[in-house]
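2 protein chains.
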Amino acid sequence: MSDKKKNTSKNDLHLENDHRITTKRSLSTQLSTELNKTKSGSTSKRQKSLLICVVCDDGAHGYNFDAISCESCKAFFRRNALQLQKLKCRRNDGHCDVRFNIKKRCKKCRLEKCIETGLDQ
Amino acid sequence: MSDKKKNTSKNDLHLENDHRITTKRSLSTQLSTELNKTKSGSTSKRQKSLLICVVCDDGAHGYNFDAISCESCKAFFRRNALQLQKLKCRRNDGHCDVRFNIKKRCKKCRLEKCIETGLDQ
DNA sequence: CAACCAGGTCACGAGGTCAC
DNA sequence: GTGACCTCGTGACCTGGTTG
Chain A
11 MSDKKKNTSK NDLHLENDHR ITTKRSLSTQ LSTELNKTKS GSTSKRQKSL
61 LICVVCDDGA HGYNFDAISC ESCKAFFRRN ALQLQKLKCR RNDGHCDVRF
111 NIKKRCKKCR LEKCIETGLD Q
Chain B
11 MSDKKKNTSK NDLHLENDHR ITTKRSLSTQ LSTELNKTKS GSTSKRQKSL
61 LICVVCDDGA HGYNFDAISC ESCKAFFRRN ALQLQKLKCR RNDGHCDVRF
111 NIKKRCKKCR LEKCIETGLD Q
């Protein structure tokens, strides 16, 4: 079977080793979990941006393309996933900073970071 | 239902190394699985997934629409059973792989497989 | 009354849209 | 081109009727 399903347990989740949770309902679980710890469990509605985008460190609210990523990296990856060959890094020879607070992010380096960090179409 | 479901586990999440759970609710599942192993080894409640879905080879827990099928194929068939005419296979001319571990399953081919394997509304 | 299954529910995430 | 927002299909879980 897949790995899917099942579940049913209400126990801990320790994802160690690179576990990835790619699942639907599990996320909230995760989040709520954390919320519960700190707050008292309110888990508002949307705003569960307690997650950090693996690509740019911005806030994320779940998985996109199999990795915890923000809306902008999701959209970026969606548009550019197949363009790697066509892109060129014109500044730092492939070592540009692509974090969210950087003004003009190098497309080539951003895409490479996406791929490295596991985004997968 | 708010967040429906459950899972609810309120415990930690440690995402470290590379595990990947590629599923939806899998998280907890996985965990539980492991828990069960170590703990009492039982398959808790549902978990009678010793059966294999005739459509996608995923774990199944019984008959749905007259065939042994998983939750997802059951839901898929429920929604699409009458849509065969409207669907088109855009990739492999009607020969797409529709097993559970395939990322984007072709609806047309999945529905045809459902019908071929005997799902019947 | 326990097990089974059809159908309902709804969080999640992929893709679309559009103001900028 | 970018990124915030929206829409909708998917699938895990729930509910309720039926059957033994």
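Protein chains in written order, with the working numbering: chain A, 11 to 131; chain B, 11 to 131. Glycine is no exception: its CB is placed at the ideal position from the N, C-alpha and C atoms. Given the structure is predicted, the values throughout are model-derived calculations rather than measurements.
Compare the Cα-Cα distances from residue i to each of the options and report the closest residue.
{"i": "L121 (chain A)", "options": "A:N111, A:L60, A:I78, A:Q95", "result": "A:Q95"}
{"i": "K113 (chain B)", "options": "A:F75, A:C124, A:G104", "result": "A:F75"}
{"i": "L129 (chain A)", "options": "A:F110, A:F86, A:K98", "result": "A:F86"}
{"i": "N143 (chain B)", "options": "B:C66, B:L61, B:Y73", "result": "It is not possible to answer for residue 143 (chain B), since the shown part of chain B is limited to 11 through 131."}
{"i": "L125 (chain B)", "options": "B:L92, B:K98, B:G72, B:L60", "result": "Correcting the residue identity first, residue 125 (chain B) is Ile in this sequence and not Leu. Among B:L92, B:K98, B:G72, B:L60, the Cα nearest to that of I125 (chain B) is on B:L92."}
{"i": "R100 (chain B)", "options": "B:K123, B:K84, B:C119", "result": "B:C119"}
{"i": "I62 (chain A)", "options": "A:R109, A:G104, A:Q131", "result": "A:R109"}
{"i": "I78 (chain A)", "options": "A:V64, A:R89, A:R88, A:N90", "result": "A:V64"}
{"i": "R89 (chain B)", "options": "B:L60, B:T127, B:K117", "result": "B:K117"}
Per DSSP, what are the beta-bridge partners of residue i in this structure?
{"i": "A77 (chain A)", "result": "A:N74"}
{"i": "L61 (chain A)", "result": "A:A70"}
Would you call residue i buried or exposed, if buried means 16 or more other Cβ atoms sit within 10 Å of its Cβ?
{"i": "R115 (chain B)", "result": "buried"}
{"i": "G69 (chain B)", "result": "buried"}
{"i": "E81 (chain B)", "result": "buried"}
{"i": "G72 (chain A)", "result": "buried"}
{"i": "K84 (chain A)", "result": "buried"}
{"i": "K123 (chain A)", "result": "buried"}
{"i": "K98 (chain B)", "result": "exposed"}
{"i": "Q131 (chain B)", "result": "exposed"}
{"i": "Q57 (chain B)", "result": "The predicted position of Q57 (chain B) is uncertain, since its pLDDT is 46 and thus under 50; no value can be drawn from it."}
{"i": "T18 (chain A)", "result": "Only weak support exists for where T18 (chain A) lies, its pLDDT of 32 falling under 50; the value from the coordinates is given anyway. By the 10 Å Cβ count, T18 (chain A) comes out buried."}
{"i": "S50 (chain A)", "result": "Its pLDDT being 35, under 50, S50 (chain A) is placed unreliably in this model, and the coordinates cannot settle the point."}
{"i": "N102 (chain A)", "result": "exposed"}
Exercise. Mind pulling the alpha helix (DSSP H) runs of 4 or more residues that sit fully within the region 89-129 of chain B?
Worked result: 117-126
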